[in-house]
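Report on one structure; see the data block that follows.
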Amino acid sequence: MAQILLRPNTLTETTRPGTRRGTYFVQTWGCQMNEEDSEQMALALESIGFVATKNIQEAHVILLNTCSVRKKPEDKAFSLLGELALLKQSRPEIVVGVCGCMAQLRADEIRQRAPHVDFVLGTGDLLQVSGLVEEALQKRKFQKRLELPERKGSIVTEIPQRQVRRAPKLKAFVPIQYGCDKFCTFCIVPTTRGRERSRPTEDIVQEVTDLTLHGTREVTLLGQTVNSYGKNLAEGRVPFSKLLWLLNEVEGLQRIRYTSPYPRDFKQDLIETIRDCPKVMEHVHMPLQSGDDEMLRTMKRLYNRESFLQIIDDLRAAIPQVGITTDLIVGYPGETEEQFEATLDMVERIRFDGAYMFIYSPRPGTPAADLPQIPYAEKQARHARLVEVQNRISLESNQACVGREFEVLVEGPTPKDPTRFQGYTREFKMMHFPARPEFRGQLATVRATSAHLWGLSGEIA
Ligand code: SF4
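Residue numbers (our numbering): -14 to 446.
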């Protein structure tokens, strides 16, 4: 985000008292779940009379929706909080809230390092934000809300209510599961988001139906281990594949995606559902993290090279055109050159269509953070080697698509050229092509004519 340039406090036409209560600005870091959380908080603020602004300097309520998965977004949040201290000096009436994973984890430190913050709100129930803003406006007393929903035995009894934005949205994220039970040694998510909780099936179907009635054509189902969905429901176990079939029945919905499945829970019924269920897209984003069995064991990932390769083989046998992407970590504590090369070897063998590749970042509070760390320069060098290999494979994978026709959901003009449109194929490849505005929201058949690292260029067939 651009540096804040301070200017005198002004009440603009749109924020004059009596017309509306003021404006809000939400800064989001992190994953798609966080983006969705930010939207829920935006709706909560709108329900009490605030409207969005793109200008943080003029906002009356500023929310930082934070991420703790790596150090960098935490540093960015503290840096913005430093700038907001100056803003609050000149406009003491504004409300500043810190929300999400870093709030859940480091509430006291935030209070200490940024005393101008009015409240911290963890990940448990973000709709509480409206009440916190009201209280901050009245009392000006620091507040913190960090309760995470309890799971009573194996059954989830508390799932926060959600609101559905009524403005048309072609593609929407729908959380179906919160928290995580896997406790990988590098990951802070089970601490920041709590134990795994699935939303009731009928709530999800209802939400997707509502979204579709308001123009949504593609949904992405979100969960930390999305295919473990359905274990802790009062109504009894509902397999993830069954949920996909139920959503396939929603009239007007055209495509269903989901992220991210956990390898150990990726079973044959899901492979058959991807193959047979018409609206489920042929794309699987399945995190491998490391290609070395010992590393995987140390990370407490509950699969190994062989079982991962087996899933890939089964997927490609059932759905030859399936797009497969992944997450990879380099420089986990103790990773030897040999173990890193095992990751390179898996990347060469599997030939992922794309990958998010991360340098391991120690997260205080996780077991891996206390282990002896690899020098940063070594981690960086390994990361550069991995990126080089994967980029070559991604480009080759895209080149192999040239000449083929793809179904693309036309999203709108590309950011750089308004005469060219963009959308994703069912295999989750980005496609750019010339089109007319009336194509927006339609499924088009596009022939790929050239390949790039980022995706494909084509023309409507
Ligand atoms: S599966 Fe592992 S990496 Fe993923 S959210 Fe759970 S603990 Fe974190």
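Backbone N, C-alpha and C define an ideal beta-carbon position, used for all residues, glycine too. These numbers come from a predicted model, not from an experiment.
Would you say the beta carbon of residue i is closer than 6 Å to some non-hydrogen atom of the ligand ATP?
| i | result |
| --- | --- |
| T244 | Absence of the ligand ATP is noted for the structure shown, with the ligand SF4 being the only ligands found. |
Leaving aside the five residues before and after residue i along the sequence, list all residues of the same chain whose C-beta is less than 6 Å from its C-beta, in chain order.
| i | result |
| --- | --- |
| S23 | V11, T13 and N50 |
| P153 | H199 and G200 |
| E390 | T430, R432 and A446 |
| L90 | S53 and T177 |
| I335 | I297 |
| R5 | G34 and V36 |
| L448 | Residue numbering for the chain in the displayed model covers -14 to 446; residue 448 lies beyond these limits and cannot be assessed. |
| M342 | L313, L371 and V372 |
Straight-line CA distance for residue i to residue j?
| i | j | result |
| --- | --- | --- |
| R(-8) | R125 | Residue placement at R(-8) is flagged as unreliable, the pLDDT there being 32, under the threshold of 50; a coordinate-derived value is accordingly withheld. |
| L206 | L229 | 9 Å |
| E234 | G82 | 40 Å |
| G350 | R242 | 32 Å |
| R240 | L356 | 43 Å |
| F523 | I378 | Given a span of -14 to 446 for the chain in the structure shown, any question on residue 523 remains unanswerable. |
| Q358 | S53 | 19 Å |
| N376 | M331 | 14 Å |
| L(-4) | R76 | Because the pLDDT of L(-4) is 30, which lies under 50, any placement of that residue in the model is unreliable, and the question is left without a value. |
| Q295 | V80 | 52 Å |
| C172 | R421 | 45 Å |
| D277 | F325 | 7 Å |
| E94 | P100 | 10 Å |
| I(-11) | I256 | Low local confidence applies: a pLDDT of 40 at I(-11) is under 50, so the model's placement there is unreliable, and no value is given. |
| L69 | V105 | 15 Å |
| H437 | K264 | 27 Å |
Quick one: what does DSSP say residue i is sitting in, helix, strand or coil?
| i | result |
| --- | --- |
| L394 | strand |
| K129 | strand |
| Y387 | The identity of residue 387 in the sequence shown is Val, whereas the question assumes Tyr. Of the three classes helix, strand and coil, the one that applies to V387 here is coil, per DSSP. |
| R334 | helix |
| H101 | coil |
| I359 | coil |
| C86 | helix |
| R242 | strand |
| V235 | coil |
| D22 | helix |
| A37 | strand |
| R524 | With the chain covering -14 to 446 only, the question about residue 524 has no answer from this structure. |
| G339 | strand |
Apart from the five residues on each side of it in sequence, which residues of its chain come closer than 8 Å, Cβ to Cβ, to residue i?
| i | result |
| --- | --- |
| P419 | T404, R405, F406, E444 and I445 |
| V149 | E192, D195, L196 and H199 |
| L281 | Q274, S275, Y288, N289 and R290 |
| E363 | G316 |
DSSP beta-bridge partners for residue i?
| i | result |
| --- | --- |
| A433 | G443 |
| D250 | DSSP, once it has assigned bridges, lists no residue as partnering D250. |
| H368 | Paired residue(s): none; H368 is not in a bridge. |
| H417 | Q407 and S442 |
Using a Cβ-Cβ cut-off of 7 Å (strictly less than) and excluding sequence neighbours within five positions of residue i, which residues of its own chain qualify?
| i | result |
| --- | --- |
| R286 | C169 and Q274 |
| S32 | S115 |
| D254 | P224 and S226 |
| Q306 | E267 and E412 |
Unbroken alpha helix (DSSP H) runs of length 4 or more, entirely within the stretch 150 to 232: which are they?
174 to 178 and 186 to 198
At 4 residues or longer, what runs of the alpha helix (DSSP H) sit wholly inside the stretch 275 to 310?
278 to 283 and 290 to 303
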